[in-house]
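Q: Chains as they are written, first to last, in my numbering: chain U, 1 to 399; chain P, 1 to 399; chain S, 1 to 373; chain H, 1 to 373.
What follows is a structure written as structure tokens; I'll ask about it next.
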């Protein structure tokens, strides 16, 4: 057992820290910094961040150099993710392009697709959104009804997708569409790349309970894309979409740990400032117990991260462990948000302004975490996956 | 809203208190009293208690006088149950006879059956046990395989029953047996009364995790009973057994509240004596919070009891609310047992002897409570019942 | 032994519920999120017309002399419909005046509170410690009391006309309760951005504000304790109402929402979550009913059981409304879904007038330490 | 970056596991419940022959010089098989002597500990406060140290030959660790009726017991702190082993036990309980692995992470073993079922060397208050 990265990686970490310090405004990462307040400001920042990463050679760290990547390993990606989380670096607007579409193309795409799409993706010149979920196809994604028909040399796409983050900024959408209605539900789906800037595409914002509107509903009403914009084979899109590039998730875990620990530090500071039953909350044994229980859970996420990194050195991808990690961090983060609000006590309702504690960071965790147990597979689905695929319990044929 | 019993009932309560004080040994109910230590001693006490109740006119409080009952109402039964729990009165050995068989006979039995069986039941002269569960028919009771065949003027019973409390003391067993193997699983079951003292009945003790052996396995190997010892119609035993006499459960609730509050008082005393993180556990805000949360839950059980009593004054029985109450108290009591052990801290393993806290009462609650979420319908089954019958969620045809 | 509301009380709830469905409900709550506290003004006349304002007052004073038990189901209905009006504060102010006010105070305030002409709020919070009476000091200056300090957590303070404020006075060594005119010079209301936009909470700073004798209620301590007990019980009932309403909507949703070819309500995970939530709901129902009885009957244990009900119901409501988001899936996370409105209300209620841990600490002082209430 | 045991470490675990299945396991545990601590004697020679005793000692002294990391998986295996022998205490005594003992102490004790000739236990508990070093005082009398006081929570004390005891001495103003001969006059062992009958815990009273210089280890404080950290990490690993074993049995059971025409493992309630338990198990696995690394590498954060692992793993094990009873249904409640043996072991471990709240308080002092370890 040896819990350390190699020297090469640690050098990369140093360079990354220097880079982050150099490009981020002074005071960034502290609770006093004036962070973007509106969705528009956040998006502008996200766009700037995409370009900045590209300019400084931090886009596509583990991707091949011939498509614009940096040709490093996912270890560097892990470190980069951790360092970004540590300083609360901005979130780019092309996360789905980089996290899902790019890796999918690298494995399943044609040479021409890779050359066409990956360089502008990494450069932040083309933003991607994801067209998977539909109003009636959430957890049961395979029952999607958006359809694509071949008309001449084009695909014509019709249907509604929802929960498409950043669709209003996107240039392209990767879409799962039904191309053979007579096939069983997991067959007959095709993975298509569809340009967003055309008449047949309508984007409407979906406001979230946080009050922000990062999600959208996207309606394809006879939207068109060229015949060659199919990834993989026609009718084989379900498999393509499930080409589990879950080592991406592995690299995210370490970043998540850093993010959660940053939130925990803010919470501990709040607990020192706020009253408990006698003395500060930080002196109150009830809150001390709960804080340390959650602090432990966050640290355990770090250990899970080490485990993932260790596994990925021999296996090239994660299997159903990804479900375990997703269930772990999403449920934990939800509990963290609730604990944070309990520590805030009577200050809890004041998410902004005069009485706000921790510059709203804790409130964002509280509200935002409610999404984490729902999207990308609800906790209920993750538990099914674990029970059936990891523990071998008998499958229920209904899902 | 008027949360008080009538004067008549309060007079009955006074008489009951006097009775209990008169018949129970001095010091009974305090933690210092030398309670029975072995199962045998407990059973002897239980037998004595059955006879004592009968002699003093406290057996069958709400049952008709012409079968030996006292002809009072279930309100007196509620009060009696509460007063017994308050002083930790002994537990009789005929609880299943009084709680299930008697009420069933009063509704479903023939006049002859009532006259034959109820008086000796109330007098403690005939002890009853229950032959429902089987090794492969627990939660799914209707899949039982014990069968009864008519041979001449007798039923011949063959099969194995388990979890039959006090079977080794019992004179009679009320048995669910399959009498028509070709009928659907809930049909073709008959409710039979079978004498225990015969060659075809073998009783073997089943030791529980508490170390005690109140349960038994009962094997019927050609056991016989007279033709008339059928309650209700042949093949209609499932309905007879489910004639939900759940107002009995309603009367128990108030007694359970008193029992749990007695345990809580013992726990609070232990918390005052044992260390927490700085000061006593009772001064430690972590334990104060958890103790008061559970204290609240116990009090809520009292309120549920009031609600039940109120309902029973207009309706004559409880419906699926019984599932709710069973789920409530069993899960709560399990948590209570765990909290008690946490308060004991490092003293937790010492259930007896020098280092024992609370005279073993808390340990009995801790271990005994593990059965409550399993027997008489697991918590999982109760949740199904609530979801389907109370909340109207779609039935799963698999149960 | 009759542990239930009367038929009349249920009937009244039914009619008020239907009325609340018109003036309040999720759409109105969203309106209040957008417009702010001003929204309360727009519905005040209709609330008055329906007779839900000033309810504790005698008929001569414009009320209908309802006891707390009579009104308990109305609080529940207000919770169900996310009423964007400080109804609890109106009730507390009214009943407080009935019980502790002078004849002059009753005669002036009660008809106006019942008629919805003035909006009353209660200055529940102290910046230092929630719901304690600290924060505002009265100084005796040239024979008149002058108030200094701040209180927070005051519902709808930006549109309130009168504020019920606990006041400490070192110079006279006592506590009083003041009826502070919110439009007086020196009263500065600072709106706070509050999570539950359908029930805004604000901060008020008092700078040398005169409190005339006719606006004083002495001694203040029992009055303030009483107000806290009533407030907590009302909040427990509101939390119950909020939770049961969104729970019912959630049940409706899982019965029709299909995934994997079945309504999701057929899956055991959903069933068991619903069963557990139901158990909590019904338990909070009897807990708040018992507290309502204690408060209504002025029982000595009202302090203990109002704390129990507040803690239990707010724990329950946070869990049930949170589960409602989860069981609604993606829809639960949208602004246009109702679940988050109830969720935020449940959390706001939980933070108000003492959190659950604070309530349990209060109980522990009575039950474990044996202090007397 | 290699956060895993080595292939050799896993291989050794495999062989020791197979061996433990022979000498221990549920049947042996039931034997220990019946026979008492004496049972440990009956298996000591075989444990010695297998090389699991005295493992930290160098080969010349009869050991195999295993680090804590080397031995971590053995503790896990001991938990899996409910080993009724104070293996952790044997390891602690051995490693303690290796690190802090004199050459004479090593030469006398280690071969005997490794050979299973003498049985060592550690006097973990103080009657007043768990795992603190208080309870036994040493008085200087005619040039020799005489011990007075009592310790509790001592595994297998009734059959122990040597007890590792923390001792305070006001007269010399210091703490030492003593190697107390359990057969000496004045040492009175009082067996306690313990819930986990496969790992009896006893109380020892010392009345004017002489402690010769050759049985003393000075200064005692760092030694005792170190012993607690090692002990806690070993207990976390044992809890992990116990939980994973009964969890596996439970999975096997729910795959075959049928009700309502299907294996119960097909019902979502069972699946989700299993998934949650699995998550806790795997989390306790990495937590205890990290702690084992800290302890083995003498990291300064070993105190913090051994506390974390102990708290996390014992919380996990209590939950998972409790669920095992529930998921086994009626069978889970029987003496003949294995679930209760694991359940009681998990609870005993949780109570030993500091409960989970005590561990978290210790962590809070480091993390929240910023005290240094």
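Think of the CB as a built atom: it goes at the ideal place given N, C-alpha and C, for glycine as much as any other residue.
Can you give, in chain order, each stretch of the alpha helix (DSSP H) that sits fully within the segment 107 to 150 of chain U and has at least 4 residues?
A: Counting whole runs of 4 or more residues, the segment 107 to 150 of chain U contains the alpha helix (DSSP H) stretches 111 to 122.
Q: Per DSSP, which residues does residue 12/S bridge with? Please list them.
A: Position 12 of the third chain, counting from 1, holds the residue named residue 12/S. DSSP, once it has assigned bridges, lists no residue as partnering residue 12/S.
Q: Could you list which residues in chain A have their beta carbon closer than 7 Å to that of residue 189/H, in chain order?
A: In the structure shown, chain A cannot be found, because the protein chains are U, P, S and H.
Q: Could you tell me which whole alpha helix (DSSP H) segments of length 4 or greater appear in the segment 311 to 397 of chain P?
A: Those alpha helix (DSSP H) runs which fall completely within the segment 311 to 397 of chain P and span 4+ residues are 321 to 344, 361 to 372 and 379 to 385.
Q: Could you list which residues in chain S have their beta carbon closer than 8 Å to that of residue 269/H, in chain order?
A: Translated into the one-based positions of the fourth chain, residue 269/H becomes position 269. Result: 268, 269 and 272.
Q: Indicate whether residue 230/P and residue 176/P have their beta-carbon atoms separated by less than 8 Å.
A: For the purposes of this step, residue 230/P is taken as residue 230 along the second chain, with counting starting at 1. For the purposes of this step, residue 176/P is taken as residue 176 along the second chain, with counting starting at 1. No, the Cβ-Cβ distance between residue 230/P and residue 176/P is not below 8 Å.
Q: Just curious, the alpha helix (DSSP H) that residue 211/S is in, first and last residue?
A: On the third chain, position 211 is the one that residue 211/S refers to. Unbroken run through residue 211/S is the beta strand (DSSP E), 201 to 211; no alpha helix (DSSP H).
Q: Would you kindly work out how many angstroms separate the C-alpha atoms of residue 267/H and residue 268/S, rounded to a whole number?
A: Stepping through the fourth chain from its first residue, residue 267/H is reached at position 267. Stepping through the third chain from its first residue, residue 268/S is reached at position 268. Cα to Cα, the separation comes out at about 7 Å.
Q: Against chain S, which members of the segment 145 to 165 of chain U pass a CB distance test of less than 9 Å?
A: The segment 145 to 165 of chain U vs chain S, Cβ under 9 Å: 162 and 163.
Q: Show which residues of chain U have a CB atom less than 9 Å away from the CB atom of residue 284/P.
A: For the purposes of this step, residue 284/P is identified with residue 284 of the second chain, where counting begins at 1. Correct list: 285 and 286.
Q: Going by DSSP in three states, residue 98/H sits in which element: helix, strand or coil?
A: Stepping through the fourth chain from its first residue, residue 98/H is reached at position 98. DSSP places residue 98/H in helix when its eight states are reduced to three.
Q: Hey, residue 386/U and residue 320/U are a contact pair by Cβ (cut 8 Å); roughly how many whole angstroms apart?
A: Here residue 386/U corresponds to residue number 386 of the first chain, with the count starting at 1. Here residue 320/U corresponds to residue number 320 of the first chain, with the count starting at 1. The Cβ separation is near 6 Å, so the contact holds.
Q: Going by alpha carbons, who is nearest to residue 196/P out of 211/P, 234/P, 127/P and 391/P?
A: Translated into the one-based positions of the second chain, residue 196/P becomes position 196. Of 211/P, 234/P, 127/P and 391/P, the residue nearest in Cα terms is 127/P.
Q: List the residues of chain P that residue 347/S touches, going by C-beta distances under 9 Å, in chain order.
A: Along the third chain, one-based indexing puts residue 347/S at 347. Correct list: empty, because the minimum Cβ distance to chain P is about 18 Å.
Q: Does residue 307/P pass the burial test, meaning 16 or more other C-beta atoms within 10 Å, or should it be called exposed?
A: Along the second chain, one-based indexing puts residue 307/P at 307. Answer is buried; the Cβ neighbour count reaches 16.
Q: Report the start-end ranges of each alpha helix (DSSP H) in the segment 201 to 271 of chain S that is 4 residues or longer and not cut off at the edges.
A: Listed in chain order, they are 220 to 256.
Q: Buried or exposed: where does residue 16/U fall if 16 or more other Cβ atoms within 10 Å of its Cβ makes it buried?
A: What you label residue 16/U is simply residue 16 of the first chain in a count that begins at 1. Buried, by the Cβ-count rule.
Q: Return the chain-ordered list of same chain residues with a C-beta closer than 6 Å to the C-beta of residue 315/S, the five sequence neighbours on each side being excluded.
A: Translated into the one-based positions of the third chain, residue 315/S becomes position 315. Excluding sequence neighbours, residue 315/S sits near 356.
Q: So, residue 146/S versus residue 138/S, is the Cβ gap smaller than 8 Å?
A: Along the third chain, one-based indexing puts residue 146/S at 146. Along the third chain, one-based indexing puts residue 138/S at 138. Yes.
Q: Closer than 8 Å, Cβ to any Cβ of chain U: which residues of the segment 315 to 335 of chain S, in chain order?
A: Here the close residues are 318, 322, 325, 326, 329, 330, 332, 333, 334 and 335.
Q: Going along chain P, which residues have a C-beta under 7 Å from residue 289/U?
A: Looking up residue 289/U in the first chain gives position 289. Within chain P, the residues near residue 289/U are 286.
Q: Quick check for students: name the residue ranges of the beta strand (DSSP E) that lie wholly in the segment 62 to 107 of chain P, counting only runs of 3 or more.
A: Here no run is fully enclosed.
Q: Any idea which residues DSSP pairs residue 221/U with across the strands?
A: Residue numbering aside, residue 221/U sits at position 221 when the first chain is read from its first letter. Beta-bridge pairing links residue 221/U to 158/U.
Q: Under 8 Å, do residue 156/H and residue 200/H count as touching if we go by C-beta distance?
A: Within the fourth chain, numbered from 1, the residue matching residue 156/H stands at position 156. Within the fourth chain, numbered from 1, the residue matching residue 200/H stands at position 200. Yes, the pair counts as a contact, with Cβ atoms nearer than the cut-off.
Q: Measuring CA to CA, which of 124/U, 351/U, 182/U and 34/U is closest to residue 58/U?
A: Taking the first residue of the first chain as 1, we reach residue 58/U at position 58. Measuring from the Cα of residue 58/U, the nearest candidate turns out to be 124/U.
Q: Which value, in whole angstroms, describes the spacing of the CA atoms of residue 315/P and residue 54/P?
A: Working through the second chain from its first residue, we reach residue 315/P at position 315. Working through the second chain from its first residue, we reach residue 54/P at position 54. When rounded, the distance between both Cα atoms is 29 Å.
Q: So with Cβ pairs under 8 Å, would you call residue 368/H a contact of chain U?
A: Sequence index remark: in the fourth chain, residue 368/H carries index 368 (1-based). By this cut-off, residue 368/H is an interface position.
Q: On the DSSP bridge list, what partners appear for residue 120/S?
A: Here residue 120/S refers to the residue found at position 120 when the third chain is read from its first residue. For residue 120/S, which the question treats as bridged, DSSP gives the partners 162/S.
Q: Going by other Cβ atoms of all chains shown within 10 Å of its Cβ, with 16 needed for buried, is residue 110/P buried or exposed?
A: Taking the second chain and counting its residues from 1, the one referred to as residue 110/P is at position 110. Under this definition residue 110/P is an exposed residue.
Q: Do residue 291/H and residue 308/H have their C-beta atoms closer together than 8 Å?
A: The sequence position of residue 291/H within the fourth chain is 291, counting from 1. The sequence position of residue 308/H within the fourth chain is 308, counting from 1. Contact flag set, yes.
Q: Give the residues of chain P in contact with residue 286/S, contact being defined as C-beta atoms less than 8 Å apart.
A: Start at 1 with the first residue of the third chain, and residue 286/S comes out as number 286. Here the neighbours are 300, 303, 304, 306 and 307.
Q: Name the residue from 211/S, 33/S and 368/S whose alpha carbon lies nearest to the alpha carbon of residue 292/P.
A: The residue you call residue 292/P lines up with position 292 of the second chain. It is 368/S whose Cα lies nearest to the Cα of residue 292/P.
Q: Taking beta-carbon pairs under 9 Å, can you tell me which members of the segment 55 to 80 of chain S lie near chain P?
A: Within the segment 55 to 80 of chain S, the qualifying residues are 69.
Q: Opposite residue 177/U in the DSSP bridges: which residues?
A: Numbered from 1 along the first chain, position 177 holds the residue referred to as residue 177/U. In the DSSP output, where bridge partners are listed per residue, residue 177/U has 190/U.
Q: Measure the Cβ-Cβ separation of residue 243/U and residue 73/U and say whether it is below 8 Å.
A: As a working mapping, residue 243/U is identified with position 243 in the first chain. As a working mapping, residue 73/U is identified with position 73 in the first chain. Against a cut-off of 8 Å, the Cβ pair of residue 73/U and residue 243/U comes out as no contact.
Q: Could you have a look at residue 232/U and say whether DSSP puts it in helix, strand or coil?
A: Here residue 232/U refers to the residue found at position 232 when the first chain is read from its first residue. In this structure, residue 232/U counts as coil in the three-state DSSP scheme.
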